[in-house]
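Remarks on the structure that follows.
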Amino acid sequence: MSEYQYYEFQAVDRPLTEADRAELRKLSSRARITATSFTNDYQWGDFKGDPAKLMARWFDLHLYVANWGSHRLMIRLPLRLVDRRHLDDLLRGVDGATLTAAGEHLVLDIIREEVESDEEWDDGAGWLAALAPLRTAVLSGDLRLFYLLWLMAVEDGTIADDVPEPLPGIGPMTGALDALADFLGIAQDLIDVVTEGGVGPADDAMPQASVRKLIAGLSDNDKTSLLARVFAGEPHVASELRALLRKRQTPRPPAARARTAGELRAGADAMHEAREQQRKEQRATEERRQAAAQARAERTRLDAIRTRGEAAWHEVETEIQRSNAGAYARAANLLRDLKAIAEADGTATDFSRRLSALRTRHARKERFIARLAELG
164 MSEYQYYEFQ AVDRPLTEAD RAELRKLSSR ARITATSFTN DYQWGDFKGD PAKLMARWFD
224 LHLYVANWGS HRLMIRLPLR LVDRRHLDDL LRGVDGATLT AAGEHLVLDI IREEVESDEE
284 WDDGAGWLAA LAPLRTAVLS GDLRLFYLLW LMAVEDGTIA DDVPEPLPGI GPMTGALDAL
344 ADFLGIAQDL IDVVTEGGVG PADDAMPQAS VRKLIAGLSD NDKTSLLARV FAGEPHVASE
404 LRALLRKRQT PRPPAARART AGELRAGADA MHEAREQQRK EQRATEERRQ AAAQARAERT
464 RLDAIRTRGE AAWHEVETEI QRSNAGAYAR AANLLRDLKA IAEADGTATD FSRRLSALRT
524 RHARKERFIA RLAELG
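Oh and the sequence shown: position 108 is 271 in the working numbering, straight run, nothing missing.
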């Protein structure tokens with residue numbers, strides 16, 4: 164297959180109506196369209212729609228994968244639940260991501276080209292399900308997604324060495340963050356460096372007792388408002404509550420100081436070199452192990468031939484008399500082992516004498532003589 168493109172859209176906050184699905188059907192006669200999704204793949208041609216327009220009108224998530232390495236993720240966020248200025252600050256210097264206003268929403272558009280995959284074939288299916296929790300995390304105040312985008316720019320070299328990290332580290336990675344790092348092809352060395360020294364969001368492992376205490380501290384008006392909105396079926400009440408509790412929770416001690424892009428790059432390079440050295444040592448150890456095992460196997464084989472004595476030479480004669488390529492090969496290989504035994508036992512002169520006599524007896528068997536010549 165010379166060309167493959169995969170498109171997937173998800174509606175999270177509001178399902179698609181029949182009229183919506185009819186409009187989408189005009190864009191593709193073969194797309195898989197449900198009340199919450201639009202999925203299609205192309206092995207020739209291109210998608211007729213504009214993903215940005217579809218996101219502005221209908222969808223909250225979009226994923227695109229092409230087999231030449233293009234990867235794209237779009238996330239639509241309600242404007243009232245995010246701080247646009249703060250997000251713009253986090254994306255400063257990041258060429259692969261943009262924020263665009265779309266009515267009452269903000270669309271985060273992430274694109275990375277020439278992403279290399281460990282998989283022989285990636286049809287795109289399954290990626291969006293793994294990445295979807297990132298949207299909920301951002302709406303809950305967990306902005307580590309933007310740290311990964313900054314890290315992508317660090318890897319691409321668009322962030323100057325003296326620029327400090329935008330957040331106090333990234334802490335333990337979640338499954339969705341791991342999936343995003345994999346989807347964008349961010350080097351594992353960089354991921355390991357930033358997770359070593361940073362701290363994650365304060366509510367990563369918030370004890371239930373702490374949650375209850377923080378909720379109890381809310382005013383009656385706040386509690387009533389939240390419950391009324393839950394009853395009304397508003398989609399983001401839980402995310403808003405988490406963001407509110409995150410702000411009220413006693414913050415963790417910050418890291419000693421923010422690390423710079425240059426320090427992270429240097430740390431990743433050092434880690435890469437250490438891993439390469441470890442791989443070399445492991446390969447050398449494995450080669451030594453295999454060589455030792457091969458030597459033991461050869462000694463065992465030669466010992467078995469040594470115990471056979473004259474029977475081994477009779478076997479050589481028997482194989483030669485068969486007068487076929489396979490038999491000549493077996494005879495020559497056995498002679499090679501007999502030579503090794505003679506050299507080890509100090510009887511190389513006797514071996515040379517017997518081999519010379521054998522060559523004379525079978526001089527007319529040109530293919531056998533040629534086989535001996537191949538073995539030296």
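All residues carry an ideal CB built from backbone N, CA and C; glycine is no exception.
Taking only runs of the alpha helix (DSSP H) that begin and end inside the segment 240-284, which ones reach a length of at least 4 residues, in chain order? 247-253
Helix, strand or coil at P327 according to DSSP, with G and I counted as helix: DSSP places P327 in the strand class (E or B) of the three-state scheme.
For L343 and L308, believed in contact at Cβ under 8 Å, the rounded distance: 7 Å
Go ahead and pull the three-state DSSP assignment for E397. coil
Closest to N487 by C-alpha separation, out of E529, K386, R275 and Q168, would be which residue? E529
What does the alpha-carbon distance come out to for the pair G348 and G212? 27 Å
Enclosing alpha helix (DSSP H) for T448 [first to last residue]: Under the DSSP assignment, T448 falls in the alpha helix (DSSP H) whose first and last residues are A424 to R471.
Quick one: what's V301 bridged to in DSSP? V301 pairs with nothing; no bridge assigned.
Tell me the residue span of the alpha helix (DSSP H) that contains E166. Neither: E166 is in no alpha helix (DSSP H) and is coded neither H nor E.
With a CB to CB cut of under 6 Å and the five nearest residues on each side skipped, what residues in its chain are close to S191? Only N203 meet the Cβ criterion.
Return the first residue and the last residue of the alpha helix (DSSP H) that S519 is part of. A511 to R524
Figure out for me which residue from G266, L226, L311 and R248 has the closest Cα to the Cα of A424. L311
Could you tell me the distance, in whole angstroms, from the CA atom of R459 to the CA atom of A494? 22 Å
Considering only residues of the same chain and omitting the five flanking positions on each side of T199, which have a CB-CB separation below 8 Å? Q173, A174, V175, P178 and L179
Cβ contact (3+ pairs, closer than 8 Å) linking the segment 229-237 and the segment 265-278: yes
How is D508 classed by DSSP in three states: helix, strand or coil? D508: helix per DSSP, three-state reduction.
Nearest to S388 by CA position, among R375, A293, E403 and V374, is which residue? E403
Keeping to the same chain, check which residues put their C-beta closer than 8 Å to that of E181; ignore five residues upstream and five downstream. none
Could you say if the segment 452-468 and the segment 325-345 meet the contact criterion of at least three C-beta pairs nearer than 8 Å? no
Who are the Cβ neighbours of D183 in its own chain at under 7 Å, not counting the five residues just before and after it? W221
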